[in-house]
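Below is one structure, written out as structure tokens; the observations come after it.
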Amino acid sequence: VSEFGRVDYLVNCAGIDTTALTPFPQTALADLDTINSVNVRGVFTISAAIAAIMTSQEPRTIETKRFGSRSLGRGSIVNMASAMSVRVIPHKTPYIMAKHALLGFTKSAAMDLNKAGVRVNCVSPTWVQTPLLNELRETAPQIDQVIERLCSIGRAADPDEVAAAVLYLSGPGATYVTGLT
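Note that the working numbering has the sequence shown beginning at -17, numbered continuously upward.
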């Protein structure tokens, strides 16, 4: 804020998981706490701090050829959930719980911040080609068959494909979109 004078966008994309496939009853509470501290508490904490900045700044406007001046609002928050927030696989309970929490947070924060001109949305990609997926392949070599079966496109997403969705939700084309996944 000191350098640019405002914050227009926040993308909450930090997230962790264990590579272990552990049935729910054998899941260590330490794993649950670690995953929730990053995937839920981290999103809540940074979003609250940035929302305070966004709600105190003036809205941005753009000029359109067809409709003239249009408000972009005071900011946009995009949370990175996962396809596991809407469907599940066995033995990943802490991660799935955290991603479900992000859906609830997104909808609730969108309602809380809407009148202040801050939009909150969520992107829930399937598996993405990341180092985490590569680690999972080492412990669960069948993951590629699972991805092929569960993903409508039959493959993991490229990071650029996910980034395009985030850019859309952050940009002027989505000023009418809030609280959605």
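Backbone N, C-alpha and C fix where the C-beta goes; we use that ideal spot for every residue, glycine too.
Check	Outcome
Cβ-based burial, L178 [other Cβ within 10 Å; buried from 16]	Past the edges of the chain, shown from -17 to 163, lies residue 178, and the structure says nothing about it.
Nearest-angstrom Cα separation, counted from I129 out to T121	15 Å
Buried or exposed by the 16-neighbour rule on C-beta atoms within 10 Å, applied to N21	buried
With 16 other Cβ atoms within 10 Å as the buried cut-off, status of R56	buried
Opposing strand residues paired with I71 [DSSP bridges]	Answer is none; I71 lacks a bridge partner.
Whole-angstrom C-beta distance between S29 and A92, which should lie under 8 Å	In fact, because the Cβ distance is near 11 Å, the residues do not count as touching under 8 Å.
I(-2) CB to nearest heavy atom of the ligand NAP below 7 Å	In the structure shown, the ligand NAP is absent, as is every other ligand, since no ligand is present at all.
Beta-carbon proximity check, T163 vs T108, cutoff 8 Å	no
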